[in-house]
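Report on the structure given below.
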Amino acid sequence: MGEKIAGLDVLGPEYFTDPHAYHTRMRAQAAATEVVLPGGTKAWLVTRYEDARQALADQRFSKDYRAFPGIMQRNQVDGEEAGEFDSSLMQHMLNMDPPDHTRLRKLVTKAFTARRIEQLRSRVQEITDGLLDEMAAKAATTDSATINSGMDLVDALSFPLPITVICEMLDVPLDARDEFRVWSNTLVLGGPDAEAVQAAAGRMADYLTRLVDHKRANPGDDFFSELVHAEEGGERLDQLELISMAFLLLVAGHETTVNLITNGVHLLLRHPDQADRLRADRSLLPGAVEEFLRYESPVNHATIRVTVEDVEVGDVVIPKNSVVVVSLNGANRDGDRFPDADRFDITRPAGGHLAFGHGVHYCLGAPLARMEGEIAIGSLLDRFDFALAADPESLRWRQGTLMRGLESLPVSLTPRGPR
Ligand code: HEM
1 MGEKIAGLDV LGPEYFTDPH AYHTRMRAQA AATEVVLPGG TKAWLVTRYE DARQALADQR
61 FSKDYRAFPG IMQRNQVDGE EAGEFDSSLM QHMLNMDPPD HTRLRKLVTK AFTARRIEQL
121 RSRVQEITDG LLDEMAAKAA TTDSATINSG MDLVDALSFP LPITVICEML DVPLDARDEF
181 RVWSNTLVLG GPDAEAVQAA AGRMADYLTR LVDHKRANPG DDFFSELVHA EEGGERLDQL
241 ELISMAFLLL VAGHETTVNL ITNGVHLLLR HPDQADRLRA DRSLLPGAVE EFLRYESPVN
301 HATIRVTVED VEVGDVVIPK NSVVVVSLNG ANRDGDRFPD ADRFDITRPA GGHLAFGHGV
361 HYCLGAPLAR MEGEIAIGSL LDRFDFALAA DPESLRWRQG TLMRGLESLP VSLTPRGPR
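Residue 154 in this note's numbering sits at position 154 of the sequence shown, and the numbers go up by one each step.
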C-alpha cells in the first residue's frame, strides 16, 4: 500500500483500483486494522466474514449521526479538520439507532416489500426495453468503427435505469437528474475536498427542500406525498427528516444499483465461459446476480459506525469513540465462508453474502435492486452480443472507499437476431 500517515495505511488510489488484494492481506493479519480514510479520518477496518456479520448487528457500533462530528474530529490525523456535512441531510434511518431508526424505517417498509416491488416488474422491464431500444438505434446508426470504439454502458443503461425507477416511485421530476448525479457522486465519494462536499450537500438540501414544499402544497397519490403527510404513532415526520429520507432513498436508490449492473456485465465480459452458461440456461440468472453481489460488492464498505464502549472484535479491542468501517467486499471474499472465494462462479451458492448489509440496517431496497439487476442484465443478454471495447487495463474504478464500481464501461454491441 502506498502512502502512510502515522504508520497507518492511507486508503488511496491503489486501494480503489484493487481493494480485494488489500482485504486479503488484512484478513490474514488481524481481526481489525487501523487505517486512514481518504478524508484523513482514522478508522478500524473489519474484513473477516464472521466479525463483519457480528459487527453489523451489534448496537455497540452506533450509527447515531449526532455523535459523528465530534468522534470524526478526534480521529483526524495530524490535526486536520474533519469535513462537515449539511446536517439537514443527515436525519435519516441509516444515521440512527433504535428506537428512532425503527420509527423512520416503519414508515417506508411497506413501499419496499417483495410483493410491492414485484408489482413494479413490468414498468422496470418497460424502462429497460426503452433504454435498450435507444442503444440498438445508436448501434445501428453509427458506423462500425464508432460502435467498436464503444458505447458507455454506465451512461446508456446502468445509471438511467435505477434513477428513473426511484424518481418514478417518489414522483420526482427527472429533469434534475444530471445535476443530482453530480451532487450525489460528490457526496458519496467524499474525499479530501471538503469544500466541494459541503457545496454539493448545500445544493442537494436546497433542491430537496423545494421538492418537499412542492409535495406539501400539491399532494399526489405517490409514495413521497404519502410520506409528507404520514403520521406514525401520532408523530409527523418533521421537515428535516423528510428531506433526509428523500436524500437517502434517492442516493441509495441509484448510487448502488448502477454498480451492480456495471460490475455484473464487466464480470461476464471477463468470464466468457460463464456468460455462455448464462445464455444457455437462463434459470441461472438469479444465482448469477447473487454472485455479482458477492464477488464485486457494489457497496465496498458499510457506512461508518462509532463505538459507544470498548468492543472486542476477535482478539482486537477497538476503543470507545473509534470510527469503524465494516468491509463488505472483505467479508464476501473470505475463504472461511466461501470456498475458493476469489473464483467467480455463477453456479456457486452465494447466499449469505453481506452485500446488502446485515441487522437492523439491512438494505431496504434489496428486492428492488435484485429485480433491476436481473431485468437489466437478462434483457441485455437477450438483445445483444457484447464485447469490451477498451483495453481492460484502462478501465477506471470509482475513486473512494464506499462504492465499488467502474466509472465507465465501453462496450460494443451486436444485436442478436430473433431466436
Ligand atoms: C445493488 C444495490 C444495492 C446495494 C448493494 C445496497 C446495499 C446496502 C447496504 C450495504 C446497506 C446497509 C449499510 C450499512 O449498514 O451501513 C443498505 C441500506 C439501505 N439501502 Fe441499499 N443497496 C442497494 C440498493 C438499494 C435501493 C435500490 C434502495 C431503495 C431505494 C436502497 C435503500 C436502502 C436504504 C433506505 C438503506 C438504509 C436502511 C436502514 O438504515 O434501515 N438500497 N443498502
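Quick reminder that beta carbons are idealized off the backbone N, C-alpha and C, glycines included.
Just confirm the distance between the C-beta atoms of Phe112 and Pro298, as a whole number of angstroms; I'd bet it's less than 8 Å.
Contact doesn't hold; Cβ gap of about 17 Å is too wide.
Ordered along the chain, which non-local residues of its own chain (more than five positions away) have a Cβ less than 7 Å from that of Leu211?
Val172 and Ala246
From this set, His361, Leu409, Gln399 and Leu380, which residue's C-alpha is nearest Asp100's C-alpha?
His361
Could you check whether the region 342-350 touches the region 287-294, counting it as contact only if at least three pairs of C-beta atoms, one from each stretch, sit closer than 8 Å?
yes
Would you say the beta carbon of Cys363 comes nearer than 7 Å to a heavy atom of ligand 1?
Yes; taking the cut-off as 7 Å, the Cβ of Cys363 has a heavy atom of ligand 1 nearer than that.
Might you give, ordered along the chain, the residues of its own chain that have their beta carbon closer than 7 Å to the beta carbon of Gly150, omitting 5 neighbours on each side?
Cβ neighbours of Gly150 beyond the five flanking positions: Ala389, Ala390, Pro410, Val411 and Ser412.
DSSP puts Ile5 in a beta bridge; with which residues?
Leu8
Assess, as a yes-or-no matter, whether the region 373-385 is touched by the region 303-316 under the definition of 3 or more beta carbon pairs within less than 8 Å.
no
Contained alpha helix (DSSP H) runs [length at least 4] in the region 261-327, N- to C-terminal order:
272-280 and 285-295
Residue range of the alpha helix (DSSP H) that Arg44 falls in?
Per the sequence presented here, residue 44 reads as Trp, with Arg not at that position. Element bounds for Trp44: not the alpha helix (DSSP H) but the beta strand (DSSP E), Lys42 to Val46.
In or out: His229 buried (at least 16 other Cβ within 10 Å) or exposed?
Counting of Cβ neighbours within 10 angstroms places His229 among the exposed residues, the total staying below 16.
Got a sec, what are the start and stop residues for the beta strand (DSSP E) Asp251 sits in?
The sequence given here has Val at residue 251, not Asp. Counting along the chain, Val251 falls outside any beta strand (DSSP E), though it belongs to the alpha helix (DSSP H) covering Gln239 to Glu255.
Check whether the Cβ of Phe356 sits closer than 7 Å to any heavy atom of ligand 1, and report yes or no.
yes
For Leu249, is the beta carbon positioned less than 7 Å from some heavy atom of ligand 1?
yes
Return helix, strand or coil for Ser408, following the three-state DSSP convention.
coil
Are the CB atoms of Val258 and Val154 within a distance shorter than 8 Å?
The answer is yes: Cβ separation under 8 Å.
Which residues does DSSP list as the beta-bridge partners of Val36?
Val10 and Lys42
Taking the Cβ atom as the reference point for each residue, do Met371 and Val124 lie within a distance shorter than 8 Å?
yes
Quick check on the DSSP output: the alpha helix (DSSP H) that includes Leu388 runs from which residue to which?
No alpha helix (DSSP H) contains Leu388, which is instead part of the beta strand (DSSP E) from Phe384 to Leu388.
What does the alpha-carbon distance come out to for the pair Gln198 and Pro38?
16 Å
Is any non-hydrogen atom of ligand 1 found closer than 7 Å to the C-beta of Pro162, if you look at the structure I gave you?
yes
For Gln91, three-class secondary structure by DSSP:
coil
Are the region 389-408 and the region 8-23 in contact at 8 Å, needing three or more beta carbon pairs?
Touching, yes, given that three or more Cβ pairs across the two stretches are closer than 8 Å.
Distance cut-off 7 Å: Thr41 Cβ against heavy atoms of ligand 1
Proximity of the beta carbon of Thr41 to ligand 1 is not indicated: no heavy atom of the ligand is located closer than 7 Å.
Shortest alpha-carbon distance to Ala43 belongs to which of Gly202, Ser327 and Met90?
Ser327
Is Phe61 helix, strand or coil when you go by DSSP?
strand
By Cβ distance, which residues of its chain are closer than 6 Å to Thr146, with the 5 residues on each side in sequence left out?
For Thr146, the predicted structure reports a pLDDT of 49, less than 50, and the residue's modelled location is therefore unreliable. A value from the coordinates is still provided. The beta carbon of Thr146 lies closer than 6 Å to none in the same chain, with the five residues before and after it left out.
So which of Ala32, Lys106, Leu268 and Val36 has the shortest CA-CA distance to Gln73?
For the residues Ala32, Lys106, Leu268 and Val36, the minimum Cα distance to Gln73 belongs to Val36.
Let me know if Val164 comes out buried or exposed under the rule of 16 or more other beta-carbons within 10 Å of its beta-carbon.
Checking the sequence, you will find Thr at residue 164 rather than Val. So Thr164 counts as buried.
Burial state of Thr414 (16 or more Cβ within 10 Å):
exposed
What span of residues does the alpha helix (DSSP H) with Trp183 cover, start to end?
Arg177 to Leu189
So, for Ala67: in the same chain, excluding its five sequence neighbours on each side, which residues have a beta-carbon less than 7 Å away from its beta-carbon?
Counting only residues of its own chain and dropping the five nearest sequence neighbours on each side, Ala67 has a CB closer than 7 Å to the CB of Val306.
Over what stretch of residues does the alpha helix (DSSP H) that includes Arg422 continue unbroken?
Outside the shown range of the chain, which is 1 to 419, sits residue 422, and nothing can be said about it.
Do three or more CB pairs link the region 126-134 to the region 202-217 at distances below 8 Å?
Three or more Cβ pairs closer than 8 Å define a contact, and the region 126-134 falls short of that threshold against the region 202-217.
Got a sec? Which residues, its chain only, sit under 6 Å from Ala156 by beta carbon, not counting five neighbours each side?
Met135
Quick check: is any heavy atom of ligand 1 less than 7 Å from the C-beta of Pro298?
Checking the Cβ of Pro298 against ligand 1 gives yes.
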